[in-house]
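Enquirer: My questions will all concern the structure given below.
Residue numbers (our numbering): 2 to 193.
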């Protein structure tokens, strides 16, 4: 196995250990030594790959996001991609709840924003491609709806994932689809 592959596998092991530990206790109470011991390695190996536990957490969310993006690229619509994202959040409920408790709302919201950006880019380019509007306006709409999506997920996690994914998707479809199309139509009419 190549060095890069071994390095990736080691990072993945550490991320899996972190997930396991986060399901049991607050992130601030997890130590590098616990993660290393769970992986059958040592602290030096951990620090070779990550500067601290928060660095590992960010890497873990990024890797899961990349995996989701790759899976969502095979989706036909942003809704299918976002539904995959919601399923991932449910599967990792303890991790996301621990992240809210440990990182705070702002940092988790930033992580969620990164996760939803690709999906909203797909939707905006799909809908926006039919209208003559500025790139600046498209970027504004993208940022507006990314904030809405990440905020929705944040509140959903905070409430303990109390609503089925299918219901959230139905709400989002009702709130987004026609509204975004109308926003593009008006912007084109007003020369934005």
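The C-beta atom is built at its ideal place from N, Cα and C for all residues, glycine as well.
Three-state secondary structure (DSSP) at residue 25?
Expert: Looking at residue 25 - three-state DSSP - the assignment turns out to be coil, as it is neither helix nor strand.
Enquirer: Taking the alpha carbon of residue 80 as the point to measure from, which residue in 156, 150, 190 has its own alpha carbon closest?
Expert: With distances taken between Cα atoms, residue 80 lies closest to 150.
Enquirer: Within 10 angstroms of the Cβ of residue 24, are there 16 or more other Cβ atoms? Answer buried if so, exposed if not.
Expert: Exposed is the call here.
Enquirer: I believe residue 188 touches residue 138 by the beta-carbon criterion, under 8 Å. Please report the beta-carbon distance rounded to the nearest angstrom.
Expert: With a Cβ gap of about 5 Å, residue 188 and residue 138 count as contacting.
Enquirer: How many angstroms separate the CA atom of residue 114 from the CA atom of residue 32?
Expert: The alpha-carbon atoms of residue 114 and residue 32 are separated by roughly 27 Å.
Enquirer: From residue 132 to residue 122, what does the alpha carbon distance come to, in whole angstroms?
Expert: Going from the Cα of residue 132 to the Cα of residue 122 covers about 15 Å.
Enquirer: Which residue marks the beginning of the alpha helix (DSSP H) containing residue 31, and which one marks its end?
Expert: Premise fails: residue 31 is in no alpha helix (DSSP H) and is neither H nor E.
Enquirer: With DSSP as the reference, label residue 163 as helix, strand or coil.
Expert: Note: residue 163 maps to coil in three-state DSSP.
Enquirer: Helix, strand or coil for residue 192, going by three-state DSSP, please let me know.
Expert: Residue 192 falls in the coil class under three-state DSSP.
Enquirer: Determine whether the beta carbon atoms of residue 37 and residue 51 lie at a separation below 7 Å.
Expert: It is not a contact, given that the beta carbons lie outside the stated cut-off.
Enquirer: What's the gap between the Cα of residue 42 and the Cα of residue 193?
Expert: So the alpha carbons of these two residues sit roughly 57 Å apart.
Enquirer: State yes or no: is the C-beta of residue 142 within less than 7 Å of the C-beta of residue 125?
Expert: Their beta carbons are under 7 Å apart, which means residue 142 touches residue 125 by this criterion.
Enquirer: So which of 84, 183, 34 has the shortest CA-CA distance to residue 154?
Expert: Residue 154 has its Cα closest to that of 84, out of 84, 183, 34.
Enquirer: Report all residues from its chain with a CB closer than 8 Å to the CB of residue 169; omit the five preceding and five following residues, and keep chain order.
Expert: 87, 153, 157, listed in sequence order.
Enquirer: If distances are taken between C-alpha atoms only, which option among 159, 190, 163, 92 comes closest to residue 134?
Expert: With distances taken between Cα atoms, residue 134 lies closest to 190.
Enquirer: Given residue 14, which residues of its chain have a CB within under 7 Å of its CB, disregarding the five upstream and five downstream residues?
Expert: Answer for residue 14: 40, listed in chain order.
Enquirer: Taking the alpha-carbon of residue 163 as reference, which of 90, 110, 35 has the nearest alpha-carbon?
Expert: Answer by Cα proximity: 90.
Enquirer: Round the Cβ separation of residue 100 and residue 28 to the nearest angstrom and send it over; I've been treating them as touching at under 8 Å.
Expert: Residue 100 to residue 28, Cβ: 7 Å. Contact.
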